[in-house]
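Residue numbers (the working numbering): 747 to 963.
Glycine included, each C-beta is placed from N, C-alpha and C at the ideal position.
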Amino acid sequence: RRPGAATLGRQRWRSDGRALQKLPVHMGLVVTEEEPSYADMASLVVWCMAVGISYVSVYDHNGIFKRNNSRLMDEILKQQQELLGLDCSKYTVEFANQDKADQVLNCQSTLKVLSPEDGKADIVKAAQNFCQLVAQQQRTYTDLDVNVLDNLLSSTNGFPDPDLVLKFGPVDSTLGFLPWHIRLTEIISLPSHLNISYEDFFSALHHYAACEQRWGK
């Protein structure tokens, strides 16, 4: 009996992920286009899961995906079944609850759907936490530097900073996607997420794997 398309696809994606010299732990999918496609975004999320990426953030500057995250989740579950077949139970996806960081590590791939408010809210929360530490005399105002803010943001966010962002659309900006967290992130621009192919997606991963981390230089 010949293997079905889902089985062949699974095997290919898994071997593709293993073949890369490095794989992002956290990938951001940033749409700057005005008309987001749930089906195409769901394909991207499922491909991320299939190659072994642990954390995925989906973002559009109008917050459309976040407002309609149940619709996006339905599309992801549908495509999981179509693309991963019977194996889809191994590829659990979870919408991370902003208030419960302990949920983040409970499954193979965790998904956050973000809007412009989220990155700003993280910074505000980190600043409030720092002020609280100062009030409790555990810190002084002169302690605040890049590393301290990084640590505070990590504790409020629950996600590692993105290693790679795929930005879709003609706008030469990430339009407010996690402004602090992407200082050292590799950003790859693609013309559109509409009708994107797996080949385009994997080509971006291959480009990322070949890049040296320049630490903001």
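Take residue i and list the residues in its own chain whose beta-carbon comes closer than 8 Å to its own, dropping the five residues that flank it on each side.
i      : result
GLY809 : SER861, PRO862, GLU863
PRO906 : VAL771, HIS772, TYR801, SER900
HIS952 : LEU766
GLU780 : ASN808
Could you tell me which of the options sits nearest to residue i, measuring between CA atoms?
i      : options                        : result
GLU932 : HIS772, ASP762, LEU818, SER938 : HIS772
ASP946 : CYS957, SER919, PHE914         : PHE914
ILE942 : LEU769, GLY798, LEU879, LEU775 : LEU775
SER919 : ARG885, GLN883, PRO937         : PRO937
GLU821 : ASP806, LEU790, ALA881         : LEU790
TYR944 : GLN882, PRO782, CYS794, GLU781 : CYS794
State yes or no: is the C-beta of residue i within less than 8 Å of the C-beta of residue j?
i      : j      : result
SER800 : PRO908 : no
HIS939 : MET787 : yes
VAL792 : GLN826 : yes
VAL911 : THR778 : no
TRP759 : ALA796 : yes
Which residues in the same chain have their Cβ closer than 6 Å to the Cβ of residue i, if we skip the five residues on either side of it in sequence?
i      : result
GLN767 : ALA955
ALA950 : LEU912, ILE934
ASP806 : VAL777, PRO782
ARG885 : LEU879
Going by DSSP, name the residue or residues bridged to residue i.
i      : result
TYR801 : HIS772, THR856
LYS913 : VAL776, SER935
ASP786 : According to DSSP, which records beta bridges pairwise, ASP786 is partnered with nothing at all.
ASP806 : VAL777
In its own chain, which residues sit with a C-beta less than 7 Å from the C-beta of residue i, not counting the 5 before and 5 after it?
i      : result
VAL738 : Residue 738 falls outside the range modelled here, since the chain spans only 747 to 963, and no answer is possible.
CYS957 : GLU932
GLY763 : LEU769, VAL797, GLY798
LYS846 : Because LYS846 carries a pLDDT of 40, less than 50, the predicted location of this residue cannot be relied on, and no value is offered for it.
PHE948 : ASP762
ALA765 : none
LEU823 : none
ALA881 : none
GLN883 : none
Quick check: is the beta carbon of residue i nearer than 8 Å to any beta carbon in chain B?
i      : result
PRO770 : Protein chains in the displayed structure number just one, and chain B is not present.
Is residue i near the ligand NAD, with its Cβ less than 7 Å from a heavy atom?
i      : result
LEU860 : Absence of the ligand NAD is noted for the structure shown, with no ligands found whatsoever.
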